[in-house]
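This report refers to the structure that appears directly beneath it.
Numbering (the numbering used here), first residue to last: 287 to 1412.
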């Protein structure tokens, strides 16, 4: 049937907003499946911010009705409505009458004047689109969403709005007299100019930068920061000036809080996340606020131990409740005191916070089949519940907005309306939430401090916080980098959730008010006890901050300000980088080997562009002590072969120009830099002399000397030569530069290029420089000749082989695969080493005789983890192929394993991890079965028989697939093992019981699983655990008879077995059985395959009290757990 309106809220959200590839809310033209709104936390500088992020004023709303005649005869691909105005903006509806490449009507809201709007425009709207059913209004198809429209996404809507078959069916009522009625309800909110807004100036507070998906963390950090007692305790944690923020959580948090207190602009969180041990990948994973809160507070609690602030976390956040079970008919009561740092409150089925607390302390009656086993009194009727012994000064309430929907087998977000008061009285109704042990002299009256909001759906969204830092009437919204003033209505009522009804300013065809589901709603509340208010909202000033921290952070602030000023004035200046002989001597053979200098490491001058170059020379004279008459500057040039060499001296005319003009002439690519080589000549007495006059025939050459014994390359100087001259004529001079005897025989090589490969060729000593195409800036390398014999002492006999080595050498950090965060050892290898070379070197280092037993796995540079698949034997040619990541990023990490058999053999085998369950022994035996890939399950079972002790020699085995304590498959013995996956599922081998081999005509083989259920929840939640098994049931057999066989099979003592309840479960719903029930009547399916959702359940009563932290309760299904490593 067509989707009705109104639609159940959770269903609408799931189908409309969350399920990929169905009715997705769509993006910009071309109108194909596009991004879903609110699904992924955007980067913090994205214009397409989430809903609560932009809208700031009361919405202006209107309804537009579009009557489309002769609808079935429309032959255009798309059709626009007339333009209508809402909120001062022009809009129109866009439809695809025959579908946008789908068998559905496609419909979008479009910004009518997007082509003429100024650059950077954006506008935010909530809207619904509807096709009116003209026979039955309740069958009108209506869908709603929200979007930040901008240049890139100027239309938004639904590609699969409704099936064309329904739309064009004359009996359905959507076309009457071939006329279609389309309604658009649009509500527009004005948007703050994000870029021009100054949070500090407007509010006195600053925000936090979003690293990718860290808005959930930002909202929590702002909340904690604005609890001054907590902030003061963080400041008083001992740190020293030698600590590094990225390696110390206390120092990183102190630094962050200091900057939030004293900065004028938003604060980065990278230091803090690095101190957590997170990499970039963690920062792009959205996690759960509650879980981060728990993990962070646990870490801080641990770090505070043994310091002056020990116990602060407990003092602020720790409360206690009492779990009790009290027998009704005998005098027996069991109690257990537990602490909590936050409380999880149900949203579904609860009107407000008080209703949730009522539900929390609701008494559960344990009676009938659910009686309580009271030690010496046996099974008794009893009452079970929770009461509070004390509440903490700062009460953190986690609202369970995310729940598991058993019918749809997925997590859903509960967007129901849920109210929370500004003042919360937990002493109400004569202290009904308090235990008899509670101190009644403490007044449990709380005032609301902060509201953390989640905007979006179950698979992601955006977090922000409304906070009252000083508990006055003024609220503030902390949304990543931006802080805005808000009123109490925005902080409370608008975060209750539910539906928003917007008034119409332009009633049209249908006068019913239009409603929008509010996907932004409160997710966590922080209350402060009124009697503790003055202690918690205390003054925190500079005297609370360690002096070393103040000095460090003020210096950081000054440096940042200098950088800002520097950047602001950058357009007025040119950076002149001056390389000298001293730089070449310092760098060649140490930092660099090819070309002449790394320009980032030479002396640089920041000079105003308007300064004449001759005046700059005077600056150089002052700075370097080289008078102007002894300076000659050369311009560098990038050659076609990608080398960078001094090209020519500056002319007197050029030196008369301004620095800015000269820079533009010399190098158009690097618009802020001018790179020069300063030639300075010295006479025989090392005194400065004016540079010699250079004529066209003079060539400036640079010389490097290679020593093969030391494996050393160094710069020895430069010479002017005549282009008509020959290398023979300068040999004596080169020997002098090198410190050799004047008659030492030497060989010369020209260093031509090094990218993409090294080119270094012998220079003919008898040919002229012009003939050899030698020019200004060329590099000549030389060495003693003849070269030494290549032996163990000399690895690289000549210049070309040494340069080839330098070009290809690569330091690789090796890590054991089972310890992927720790470097084990480093090896110097070459990028062109073969696969065999690499594993041989690793084996050599590990003193392993057989290199083929080494298996390597490449590194993922983005996740900082091993890649999922190891490198196959000889599947890559060279080391560089092992290290290269996507986008040509080169890693320097490899992971290794030492195998028990050679890798080529292993690759022909399939390894399966199998848990063997013995017929009579409790403990399972874990086996690693390794067989050739073409083997079958039968071969696996035969192999298992050789490794285990069977109950009898002729016992038959079977292999099962077990997942989450359910049996999903019995593997046929002929199935090939190559495609069996043991990574996510457990493979279990067991003996086939005799009774299963001879099933009668009416016997059934059924699944039997253990389970517990959470009876305090609004709906039954079944949790399977333990080892599932099969059981034969016979026709007419009662539950009592089946129970007797199960007890015998599992060897459970009577006392324990008496507590179990038996139920037939289908799709997670238990139907409890009586001893007299005939079990076989419930199981009509004969096949075992696919029958795992129908089973006989053994319910174990869960008498353990509620956990103070239930980490997984509110977690999204896709998330990795939050971990703080340091």
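The C-beta atom is built at its ideal place from N, Cα and C for all residues, glycine as well.
In the DSSP assignment, residue 1190 falls within the unbroken alpha helix (DSSP H) covering 1189-1193.
A distance of 9 Å or more separates the beta carbons of residue 1081 and residue 1001.
Boundaries of the beta strand (DSSP E) harbouring residue 1001: 998-1008, taken from the DSSP string. Taking every protein chain shown into account, the CB of residue 968 has fewer than 16 other CB atoms within 10 angstroms, so this residue is exposed.
Your pair residue 1089 and residue 930 does not check out as a contact, with CB atoms roughly 17 Å apart and the cut at 8 Å. For residue 963, the uninterrupted beta strand (DSSP E) segment begins and ends at 959-965. Beta-bridge partners of residue 535 (DSSP): none assigned.
In the three-state reduction of the DSSP assignment, residue 1175 falls in the coil class, being assigned neither a helical nor a strand state. Here the alpha carbons of residue 413 and residue 705 stand approximately 25 Å from one another. Scanning the stretch 1312-1340 for uninterrupted alpha helix (DSSP H) segments of 4 residues or longer gives 1325-1336, listed from N- to C-terminal end.
Per DSSP, the beta-bridge partners of residue 1383 are 1295 and 1349. Taken in chain order, the unbroken stretches of beta strand (DSSP E) that lie wholly in the stretch 373-441 and span 3 residues or more are 375-382, 390-397, 408-417 and 427-436. Residue burial is scored here from C-beta neighbours: residue 726 has fewer than 16 other C-beta atoms within 10 angstroms and is therefore classed as exposed. Distance from the CA atom of residue 361 to the CA atom of residue 432, rounded to whole angstroms, is 30 Å.
Per DSSP, the unbroken alpha helix (DSSP H) holding residue 1123 starts and ends at 1121-1131. Judged by beta-carbon spacing, residue 1031 lies beyond the 9 Å limit of residue 977, meaning their Cβ atoms are not closer than that value.
Residue range 867-873 is occupied by the alpha helix (DSSP H) that includes residue 870.
As summarised for the stretch 908-939, the continuous beta strand (DSSP E) elements at least 3 residues long and confined to that stretch are 918-924 and 930-935, given in chain order.
In the three-state scheme derived from DSSP, where H, G and I count as helix and E and B as strand, residue 443 is classed as strand. Per DSSP, residue 466 lies in no alpha helix (DSSP H); the unbroken beta strand (DSSP E) holding it starts and ends at 466-475.
Under DSSP, residue 350 shares a beta bridge with 470. Two segments are said to touch when three or more pairs of C-beta atoms, one from each, lie closer than 8 Å; by this definition the stretch 1218-1225 touches the stretch 1193-1203.
In the DSSP secondary-structure assignment, residue 589 is not bridged to any residue. Setting aside the 5 residues that flank it on each side, residue 817 is surrounded in the same chain by 729, each with a C-beta closer than 7 Å to its C-beta; the list follows chain order.
Nearest C-alpha to residue 503 among 1336, 724 and 580: 580. As computed with DSSP, residue 1146 is found in a beta bridge with 1151. Within the stretch 481-552, no complete beta strand (DSSP E) segment of 3 residues or longer occurs. In the DSSP assignment, residue 1218 falls outside any alpha helix (DSSP H) and within the unbroken beta strand (DSSP E) covering 1211-1218. One Cα belongs to residue 584, the other to residue 578, and the distance between them is close to 10 Å.
In this structure, the CA atom of residue 1042 is about 16 Å from the CA atom of residue 1096. Taking a 10 Å sphere around the C-beta of residue 1309, we find fewer than 16 other C-beta atoms and assign the residue as exposed. For residue 1045, there is no enclosing alpha helix (DSSP H); the enclosing beta strand (DSSP E) has its first and last residue at 1045-1048.
A Cβ-Cβ distance of about 6 Å is found for the pair residue 1066 and residue 1049, placing them in contact under the 8 Å criterion. The C-beta separation of residue 475 from residue 544 comes to about 35 Å, leaving the pair out of contact by the 8 Å criterion. The residue among 1329, 997 and 639 with its C-alpha nearest the C-alpha of residue 876 is 997. The way I'd put it, the stretch 348-365 does touch the stretch 380-392; three or more beta-carbon pairs between them come closer than 8 Å.
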